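Student: Can you keep this structure in mind? I'll have questions shortly.
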Amino acid sequence: MLTILTTGTTSYNMKPLRLFLMVVCLFSFPFVYARGQGIAQYNPVWNSQSRNSSESMPCGGGDIGLNVWVEKGDLLFYFSRSGTFDENNAFLKLGRVRVRLEPNPFEGNGDFHQELNLEDGSVYISGTHNGISAKVHVWVDVFRPVIHLSVDCNKPVLAEAGYESWRYRDHLLKGKENNANSYKWGAPKDLKTLQDSISFDGGNILFCHRNREKTVFDATVSEQKLDTVKSLLFNPLKNLTFGGVMRGKGMSPSGISDGQYADTGYRRWTLKSNAPARSHQVDLFLFTRQAGSLTEWKNGLDKIVTGAAKNSKTAWEKTSAWWKNFWGRSFIFIRPDNPEATDTVWQTGRNYQLFRYMLGCNAYGSYPTKFNGGLFTYDPCYTDSSMCFTPDHRNWGGGTFTAQNQRLVYFPMLKSGDFDMMKSQFDFYNRILKNAELRSNVYWRHDGACFTEQLENFGLPDYAEYGTKRPSVFDPGMQYNAWLEYLWDTALEFGLMELDVQQYSGQDISAYLPFIKSCLTFFDEHYQYLAKKRGIKPFDGNGKLVLFPGSACETYKMAYNSTSTIAALKTVLSRLLELPDQYMDSLDRKHYSEMLERVPEIGFRECDGHRTISPAWQWQRVNNVETPQLYPVFPWGIYGVGKSGLEVALNTWKYDPDVEQFKSYIGWKQYNIFAARLGLTKEAASLTVAKLKDSGRRFPAFWGPGFDWTPDHNWGGSGMTGLQEMLLQTNGKQIYLFPAWPKNWNVHFKLHAPFETTIEAELKDGEVKYLKVSPETRKADVINCLLK
8 MLTILTTGTT SYNMKPLRLF LMVVCLFSFP FVYARGQGIA QYNPVWNSQS RNSSESMPCG
68 GGDIGLNVWV EKGDLLFYFS RSGTFDENNA FLKLGRVRVR LEPNPFEGNG DFHQELNLED
128 GSVYISGTHN GISAKVHVWV DVFRPVIHLS VDCNKPVLAE AGYESWRYRD HLLKGKENNA
188 NSYKWGAPKD LKTLQDSISF DGGNILFCHR NREKTVFDAT VSEQKLDTVK SLLFNPLKNL
248 TFGGVMRGKG MSPSGISDGQ YADTGYRRWT LKSNAPARSH QVDLFLFTRQ AGSLTEWKNG
308 LDKIVTGAAK NSKTAWEKTS AWWKNFWGRS FIFIRPDNPE ATDTVWQTGR NYQLFRYMLG
368 CNAYGSYPTK FNGGLFTYDP CYTDSSMCFT PDHRNWGGGT FTAQNQRLVY FPMLKSGDFD
428 MMKSQFDFYN RILKNAELRS NVYWRHDGAC FTEQLENFGL PDYAEYGTKR PSVFDPGMQY
488 NAWLEYLWDT ALEFGLMELD VQQYSGQDIS AYLPFIKSCL TFFDEHYQYL AKKRGIKPFD
548 GNGKLVLFPG SACETYKMAY NSTSTIAALK TVLSRLLELP DQYMDSLDRK HYSEMLERVP
608 EIGFRECDGH RTISPAWQWQ RVNNVETPQL YPVFPWGIYG VGKSGLEVAL NTWKYDPDVE
668 QFKSYIGWKQ YNIFAARLGL TKEAASLTVA KLKDSGRRFP AFWGPGFDWT PDHNWGGSGM
728 TGLQEMLLQT NGKQIYLFPA WPKNWNVHFK LHAPFETTIE AELKDGEVKY LKVSPETRKA
788 DVINCLLK
């Protein structure tokens, strides 16, 4: 009889089906499992209950995220779903579930075990007390918006499952609480989060939030003088309805009660089992739509429930198979033969995988994973004790997407091969493209999409960041904001990602070309427009665009020829022109070649006697702590390992006083990526370990708040990217292996590269023990940097 260790320290006898599945897995990933490595080595295991929601464990799939924990004998989880924005554009949670068993196996000091099983994407919890044992399985269907919780006990027990909501009544928002919505510091008096509709529905609990017809969209359109084109603008908030139904097998409604958790009062609707049983099942079915009526929404929800019932027998197999495939397409295992929880280098590899799991939970969201907490925020008082707000709170808005932060969440998906997960971010820009083009046309009478840095999910500048106390004569197309004025080039980073997806995977990106082209058109036409307002000529004496006024990130303001903008335009235009003929006809190539010729050159300056990259040709003030002088290194890849001009980029790292002053690993800082791309092994290793070591919270990848919130997803994304760049970089067809990797760090990894290439390698004791390049013809392009 074959016995295999699965979750925790519990052994199970292998039944024939499980044996078959294990054999399939062994042959699917032979190298990983043959060497005793694999994702299971990184499963977080807790042998004690949690004190509060900050000690929760993420779980999810598709576009749903749960925070799961056991506290004082109760199993609880918050649940969130992509795209649940209210009238104020706050990103609302859908509620909290509390499960209680009687007699309770999780009471007292009995045995307890909670584990996130990464291989199948779910949470397993077990406990024993006074002879009662229970095993709980929590998982989310990747392909349908359904949450499942099952309980199996050794003896019959009663079960209660409560749906808890703090939105059972209107809630008045005060002060910094508005940082969670689009009004922020510009909120009108008496702004409220409006109550949900919650009730028993037969033997189930029905809950939903339906946005009223008037939302922050209407206030923003009026504020920004776009009423004349309002009917043409995409509005994702009007009548948006979201929620679902909770049901328990063999359970019936047993009452409504009130309580308090952390700083927030709540109301609980409870289902209770009709009789003691050894097995219990609780399911939640979710539905989101801009519905014409509540009846229409309810009909849609009923279809979700019916569809889930028809596929209930295969849902778990398909979901667990999806996660197995997810882990098989890329991985990074550092020191896999010597796992040591206190070793920060080992932690770096483990937390890379944990954060990638968190990103995988919103693989197919209607909206991108948000930089400021994603699907996994919890009661804000545990992030900042001064913020005694509801669990819906997060800083920097719910429906507001900050491009400089969002890009860091999505760049690592290229080398991890998670191209399918990037669609949410790309579709976000496609949906709002027409709104951004209307801005340019209404304000300045020219073409091209004007995307701002702080961007609403309907494509306009954030209500507060636009400037609520602006002079009446100020250009209505401009943000009256010291940080964000003239900052438009960050959208081009998503254009680069789209071009990269085509180069990496061969995917057809025709649907994204209008976005890329429109962004380029905006810069070409807007800076000619501005030049003509100042004088007769649209170009300088060399026939180049005059990129003034501009902005080098949020930092070097009122800039003349910003380096981040020049590098963006040069790179995206060059890459656009490299596309296969199916994407570009001869007229297009001529047009964009001429546009590329009009882009000015990157400026340089002398620092401590050395030639360095300048943030811009000139600027008037320094407003933040970013480093656009190194953006030609990342993301734009103009300088780097194996590329010409590396010395000037290294000089910038070493001698530019602002680079040194702003250097950090916190939050969205990307110095670890810069160091890796410059081949600075010691610096890249130090900064990346600082990024990806344990967060100091119970779940190791809940970093933050940094500059934003907890869990900080741009912190995790920049950490992932830096680690990938230490292992693998490319220049055209050339593949650089270990360009910034410490030789004494044993590692086994599989990553993706351009031209539909994957590289799997093992470095052990300073030697490459295994190298597999697919297709094999690409092996000739590999350069092992450790041999230099």
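Going by this note's numbering, the first residue of the sequence shown is number 8, and it counts up by one from there. Ideal Cβ placement from N, Cα and C applies to all residues, glycine included. The structure presented is a predicted model; accordingly, all values stated were derived computationally and were not measured.
Determine the extent of the beta strand (DSSP E) in which H453 is found, giving its start and end residues.
Tutor: Here H453 belongs to no beta strand (DSSP E), and DSSP marks it neither H nor E.
Student: Suppose you measure from the CA of P707 to the CA of A269; what does that come to, to the nearest Å?
Tutor: Straight-line Cα distance between these residues: approximately 22 angstroms.
Student: Report the start-end ranges of each beta strand (DSSP E) in the segment 292-354 that is 3 residues or longer and not cut off at the edges.
Tutor: 338-341, all fully within the segment 292-354.
Student: List in chain order: all unbroken beta strand (DSSP E) runs of 3+ residues lying wholly within the segment 191-218.
Tutor: With a minimum length of 3 residues, the continuous beta strand (DSSP E) runs that stay inside the segment 191-218 are 204-208 and 211-217.
Student: V553 by DSSP, collapsed to three states: which one?
Tutor: Residue state, collapsed to three classes: coil.
Student: Please state if the CB of T326 and the CB of G67 are separated by a distance shorter than 8 angstroms.
Tutor: In this structure, T326 does not lie closer than 8 angstroms to G67 by Cβ.
Student: What residues in its chain sit with their C-beta under 6 angstroms from that of Q354, if we drop five residues either side in the sequence?
Tutor: Around Q354: K700 and D701.
Student: Would you report the Cα separation of A166 and Q56, rounded to the nearest angstrom?
Tutor: C-alpha separation (whole angstroms): 19 angstroms.
Student: Please classify C792: does DSSP put it in a helix, a strand, or coil?
Tutor: The answer is helix: DSSP assigns C792 an H, G or I state.
Student: Using CA atoms only, rank isn't needed, just tell me which of S89, Q432, W716 and S261 is closest to L99.
Tutor: Looking at the Cα atoms, S89 is the closest of the given residues.
Student: Y519 and E500 - do their beta-carbons sit closer together than 8 angstroms?
Tutor: Their beta carbons are not under 8 angstroms apart, which means E500 does not touch Y519 by this criterion.
Student: Is W276 near F207, with beta carbons less than 8 angstroms apart?
Tutor: Going by C-beta atoms, W276 is nearer than 8 angstroms to F207.
Student: With 16 as the cutoff for other CB atoms within 10 Å, does Y470 come out buried or exposed?
Tutor: Burial call: buried.
Student: Which partner residues of T409 appear in the DSSP bridge assignment?
Tutor: Beta-bridge pairing links T409 to Q461.
Student: Here's the rule I'm using: 16 or more other beta-carbon atoms within 10 Å means buried, otherwise exposed. How should S725 be labelled?
Tutor: Buried is the call here.
Student: Mind checking R605: buried by the 16 CB within 10 Å criterion, or exposed?
Tutor: Per the 10 Å Cβ criterion, buried.
Student: Taking the alpha-carbon positions, what's the L537 to G686 distance?
Tutor: The straight-line gap from Cα to Cα measures roughly 40 angstroms.
Student: Taking the Cβ atom as the reference point for each residue, do T619 and T659 lie within a distance shorter than 8 angstroms?
Tutor: Yes. Within cutoff.
Student: If we ignore side chains and look at the alpha-carbon of each, how far apart do I573 and A498 end up?
Tutor: Cα-Cα distance, rounded: 14 angstroms.
Student: In this structure, does DSSP put Y364 in helix, strand or coil?
Tutor: In this structure, Y364 counts as helix in the three-state DSSP scheme.
Student: If you follow the alpha helix (DSSP H) that C614 is in, where does it begin and where does it stop?
Tutor: Looking at the DSSP string, C614 is not in any alpha helix (DSSP H); the run it does join, the beta strand (DSSP E), is F611 to C614.
Student: In this structure, does DSSP put L108 in helix, strand or coil?
Tutor: In the structure shown, L108 sits in a strand (DSSP, three-state: E or B).
Student: Run through DSSP, which three-state label would K779 get?
Tutor: Strand.
Student: Near K422, what residues of its chain come up, given a Cβ to Cβ distance below 6 angstroms and the 5 sequence neighbours on each side ignored?
Tutor: Result list for K422: Q731, L758 and H759, in chain order.
Student: In whole angstroms, give me the CA-to-CA distance for P556 and Y359.
Tutor: Approximately 40 angstroms, taken between the alpha carbons.
Student: Label D719 either buried or exposed according to how many other C-beta atoms from any shown protein chain fall within 10 Å of its C-beta, with 16 as the threshold for buried.
Tutor: Classification for D719: buried.
Student: The alpha helix (DSSP H) spanning M485 covers which residue range?
Tutor: Unbroken run through M485: none, as it is neither H nor E.
Student: Determine contact between the segment 402-418 and the segment 372-380, defined as no fewer than three beta-carbon pairs at a distance below 8 angstroms.
Tutor: Short answer: they touch.
Student: Closest by CA to K317, which one among M602, P664 and V153?
Tutor: Per the Cα distances, V153.
Student: What's the call for R414, buried or exposed, on a 16-neighbour Cβ count within 10 Å?
Tutor: Counting Cβ neighbours within 10 Å, R414 comes out buried, since at least 16 surround it.
Student: Would L520 pass as an interface residue toward chain B - the criterion being a Cβ-Cβ separation below 8 angstroms?
Tutor: This model lacks chain B altogether, as it is built from one protein chain only.
Student: Between the segment 675-683 and the segment 765-779, are three or more C-beta pairs nearer than 8 angstroms?
Tutor: Judged by Cβ distances under 8 angstroms, the segment 675-683 makes no contact with the segment 765-779, as fewer than three pairs qualify.
Student: Can you give me the C-alpha to C-alpha distance between M29 and E126, rounded to a whole angstrom?
Tutor: Model confidence at M29 stands at a pLDDT of 36, short of 50, so the residue's coordinates are unreliable and nothing is read from them.
Student: So, is N345 buried or exposed, given that buried needs 16 or more other C-beta atoms within 10 angstroms?
Tutor: By the 10 Å Cβ count, N345 comes out exposed.
Student: Since N185 contacts L198 with CB under 8 angstroms, what's their CB separation in whole angstroms?
Tutor: Correct: roughly 7 angstroms between the Cβ atoms.
Student: Which stretch, first to last residue, makes up the alpha helix (DSSP H) that contains I680?
Tutor: Start and end: Y678 to R684.
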